[in-house]
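Taking it in order: structure first as structure tokens, then the write-up.
Chains as they are written, first to last, in this note's numbering: chain S, 1 to 108; chain D, 109 to 223.
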């Protein structure tokens with residue numbers, strides 16, 4: 001079955017430290033993967049998608065099909081990065097399957 | 109422009125009651141989705157509309173849940189005989205499908221509490 005796993009419920013780092021939010025998936029086919037972010041009192045929004053291969057707000061994510069992973073990374077965390085992060089898999093042209101989310105807390 | 113809106117933002121009801129949750133998608137977006145997010149979990153797919161028709165309702169948990177989109181714009185999620193386990197945040201999203209997976213724009217959600 002298609003599944004997205006985010007093993008960490010909470011990740012706490014100090015400002016300026018590197019960040020890696022883990023995401024593993026199971027999918028029979030060519031996956032399309034995304035990271036969504038929800039800042040405090042804001043709605044869920046798309047951060048980045050693997051096919052774009054772009055860096056958004058300093059975050060990057062590389063799809064590793066061998067390890068079935070799509071970890072989100074940032075070399076130097078900022079306080080404004082504190083938020084809930086959700087990894088998601090497109091199960092079709094429209095259906096998203098989300099992980100349970102990781103709360104990132106960046107301390108000053 | 110205006111994003112996806114949902115009303116009410118909060119709904120408290122008693123077990124056994126009927127509730128309706130409304131979603132106004134972004135103007136021009138033909139695709140509309142409902143998700144449910146329970147505490148400590150990510151959103152779970154419920155139903156997908158393309159225009160007026162429900163193209164995929166496989167995520168609806170049981171026949172107490174029903175959704176409509178009669179004119180291809182506003183959608184209403186209806187829950188009959190509510191149960192305490194229905195308590196969650198119900199999210200709506202819309203998109204304008206293209207040739208590949210189109211970005212889904214989410215609303216703020218409706219927090220449903222069943223007492």
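Ideal placement from N, C-alpha and C gives every residue a C-beta, glycine not left out.
Since this is a predicted model, take the numbers as computed values, not measurements.
Along chain S, in chain order, which residues have C-beta atoms closer than 8 Å to that of residue i?
i, result
"residue 116 of chain D", "What residue 116 of chain D touches in chain S: nothing, since even the nearest Cβ is about 16 Å away."
"residue 199 of chain D", "44"
"residue 174 of chain D", "Neighbours of residue 174 of chain D on chain S: none; closest Cβ ~19 Å, over 8 Å."
Can you tell me whether residue i is buried or exposed, with buried defined as 16 or more other CB within 10 angstroms of its CB?
i, result
"residue 17 of chain S", "exposed"
"residue 120 of chain D", "exposed"
"residue 163 of chain D", "exposed"
"residue 3 of chain S", "exposed"
"residue 33 of chain S", "buried"
"residue 62 of chain S", "exposed"
"residue 76 of chain S", "exposed"
"residue 186 of chain D", "exposed"
With distances taken from CA atoms, which of the options is nearest residue i?
i, options, result
"residue 166 of chain S", "S/93, S/87 and S/9", "The structure shown does not extend to residue 166 of chain S, since chain S spans only 1 to 108, so no value can be given for it."
"residue 115 of chain D", "D/166, D/130 and D/122", "D/130"
"residue 117 of chain S", "S/105, S/95 and S/5", "Residue numbering for chain S in the displayed model covers 1 to 108; residue 117 of chain S lies beyond these limits and cannot be assessed."
"residue 128 of chain D", "D/157, D/165 and D/172", "D/172"
"residue 204 of chain D", "D/148, D/158, D/188 and D/142", "D/158"
"residue 196 of chain D", "D/113, D/155, D/150 and D/214", "D/150"
"residue 1 of chain S", "S/102, S/89, S/81 and S/101", "S/89"
"residue 155 of chain D", "S/7, S/108, S/94 and S/62", "S/94"
"residue 112 of chain D", "D/123, D/140 and D/125", "D/140"
What does residue i touch in chain S if you count any residue whose Cβ is under 9 Å from its own?
i, result
"residue 141 of chain D", "94, 95 and 96"
"residue 164 of chain D", "92, 94 and 95"
Determine the extent of the beta strand (DSSP E) in which residue i is found, giving its start and end residues.
i, result
"residue 143 of chain D", "139-145"
"residue 209 of chain D", "Here residue 209 of chain D belongs to no beta strand (DSSP E), and DSSP marks it neither H nor E."
"residue 13 of chain S", "10-14"
"residue 222 of chain D", "218-222"
"residue 3 of chain S", "3-5"
"residue 112 of chain D", "Residue 112 of chain D -> no beta strand (DSSP E), and no H or E assigned at all."
"residue 196 of chain D", "196-203"
In chain D, what lies closer than 7 Å to residue i by C-beta?
i, result
"residue 86 of chain S", "150"
"residue 43 of chain S", "214, 215 and 216"
Report the neighbours of residue i on chain S: residues whose CB is nearer than 7 Å to its CB, in chain order.
i, result
"residue 156 of chain D", "94 and 95"
Please list the partners that residue i has in chain D, where partner means a Cβ-to-Cβ separation under 9 Å.
i, result
"residue 101 of chain S", "148, 149 and 150"
Notebook entry, point to check: Which parts of the region 22-101 of chain S are runs of the beta strand (DSSP E), unbroken and 3 residues or longer, counting only runs that do not cross its ends?
Noted result: 24-26, 33-38, 45-49, 72-74, 83-90 and 96-98
Next item on the list: Write down every uninterrupted run of the alpha helix (DSSP H) in the region 116-187 of chain D whose length is 4 residues or greater and which is fully enclosed by it, in chain order.
Entry: none
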